[in-house]
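Contents: one structure, followed by commentary.
There are 2 protein chains.
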Amino acid sequence: MTHQLLRVQNFNVSSDGIGAGEEQSLANPFGLPGAERLFGWAGATASWPNRTDPGGSRGLDDYFTRDFTHNIGAEIMGRNKFGPQRGPWEDHAWRGWWGDEPPFHTPVFVLTHHPRPSFTLSDTTFHFVDGSPAAVLEQAREAARGKDVRLGGGVSTIRQFLDAGLVDTLHVAVSPVTFSSGLRLWESPEELTDRFHLETVPSPSGVTHHLFWRR
Amino acid sequence: MTHQLLRVQNFNVSSDGIGAGEEQSLANPFGLPGAERLFGWAGATASWPNRTDPGGSRGLDDYFTRDFTHNIGAEIMGRNKFGPQRGPWEDHAWRGWWGDEPPFHTPVFVLTHHPRPSFTLSDTTFHFVDGSPAAVLEQAREAARGKDVRLGGGVSTIRQFLDAGLVDTLHVAVSPVTFSSGLRLWESPEELTDRFHLETVPSPSGVTHHLFWRR
């Protein structure tokens, strides 16, 4: 029994459960029209990892952005979160969306069937790994040195780890917007309540925080 | 302009604003009948600092207990939180309520007009200081080495720092219980809204989290 949790945090979906579009691109990383309506609540908080000015709210939403890095020692993400390319790498010039100072500050394990060499930007090192969810989680836990592991998304990566029974907690922010088509985390959050406790917490910002933890 | 905040966290009051009784004692540290109704919500969470078993909830309330130590480098507390004695120390045998492993893990500055030598228990060092709130905060900020400072209470210590305009954020959990008499943090939380933003967040546990941050 490990005490290193696998945690989904600050994952954003529409009220109809959609977290990304089918067609992601360099110009439209989420592949959705107006995707900023999904994560605007986070950008308004004082603890948003990408904030460069001293402002921002310190209410409920700030507890969630503040918790993003707390006791996290590694992240696992799908290749579709890492970049818009699909299939074999044409070259290794693409180093993620996040510039020279990625907001992770830990090892990051990118799931892909097309390995490439690890590289480091500031205090984030990206590793490219192929394997079952359980095997990749084992690698990430070792790299996290006793801390928890964040499951960063996207939708299909989270579904894959949920199906394997490996997720301990999820924080999903549901926005009052609908997209109708796209990659769907769920039809309804109730789908997970056979395996997880669920608390729903409406925020003044308009999102409803959904907090799940294992039964 | 410092970025080291002074934060009140997990402070508990009744729905009529009372955080402690007038008469505190070794047998009744809070000086209130049934004071555990004020802080029971925290004890039910997975991240409660005094938890010794692996259980506990990971819903909304857990975000607040989890945040208790996050980016905190020092605590300031009133003497009445440190112990039930008043006036000059008869001896130095009393070393706080918390046993050999206090939950602070940082320097703690105890406000008192009756100095005594500093001492260390595990990774918590208690210092006994006399001075204005601003002067004590300055000492605590230096000890916190760039991190925030927690204002631990009790009621009159928080009031004193509020009156001096030194508090940046407050998290106060209001329980659905009334005590009628005792030490009162406020008549109503609205008293602070001229100086602070306020969000109120009801929790499934029955407490209502009150989140204040400076305007």
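The listed protein sequences correspond, in order, to chains A and B. Numbering-wise (this note's numbering), the first sequence opens with residue 1 and increments by one. Numbering-wise (this note's numbering), the second sequence opens with residue 1001 and increments by one. Even glycine gets a Cβ: it sits at the ideal position worked out from N, Cα and C.
Three-way DSSP call (helix, strand, coil) for residue i in this model
i: B/Ala1035; result: coil
i: A/Asp168; result: coil
i: B/Ala1173; result: strand
i: A/Thr208; result: strand
i: A/Arg214; result: strand
i: A/Thr124; result: strand
i: A/Asp203; result: For the record, residue 203 of chain A in the displayed sequence is Ser; it is not Asp. In this structure, A/Ser203 counts as coil in the three-state DSSP scheme.
i: A/Ser15; result: coil
i: B/Leu1137; result: helix
i: A/Leu192; result: helix
i: B/Met1001; result: Reliability of the predicted coordinates at B/Met1001 is poor, the pLDDT of 42 falling under 50, and the value obtained from them is presented with this limitation in mind. B/Met1001 falls in the coil class under three-state DSSP.
Interface flag, residue i vs chain A, CB-CB below 8 angstroms
i: B/His1070; result: yes
i: B/Leu1060; result: yes
i: B/Pro1204; result: yes
i: B/Arg1066; result: yes
C-beta neighbour in chain B for residue i, strict 8 angstroms
i: A/Trp216; result: Residue numbering for chain A in the displayed model covers 1 to 215; residue 216 of chain A lies beyond these limits and cannot be assessed.
i: A/Thr169; result: yes
Terminal residues of the alpha helix (DSSP H) in which residue i lies
i: B/Ala1020; result: Careful: B/Ala1020 lies outside any alpha helix (DSSP H), inside the beta strand (DSSP E) at 1018-1020.
i: A/Asp163; result: 155-163
Span of the beta strand (DSSP E) around residue i
i: A/Arg150; result: 148-151
Worksheet item: If you scan the region 37-117 of chain A from start to end, which runs of the alpha helix (DSSP H) of 4 or more residues do you find wholly inside it?
Response: 60-66, 79-82
Worksheet entry | Where the region 1188-1200 of chain B meets chain A: residues whose CB sits under 8 angstroms from a CB there | His1197, Glu1199
Worksheet entry | the region 1092-1106 of chain B: positions lying closer than 9 angstroms to chain A by Cβ | none
Worksheet item: If you measure beta-carbon to beta-carbon, which residues of the region 37-48 of chain A are closer than 9 angstroms to chain B?
Response: Ala46
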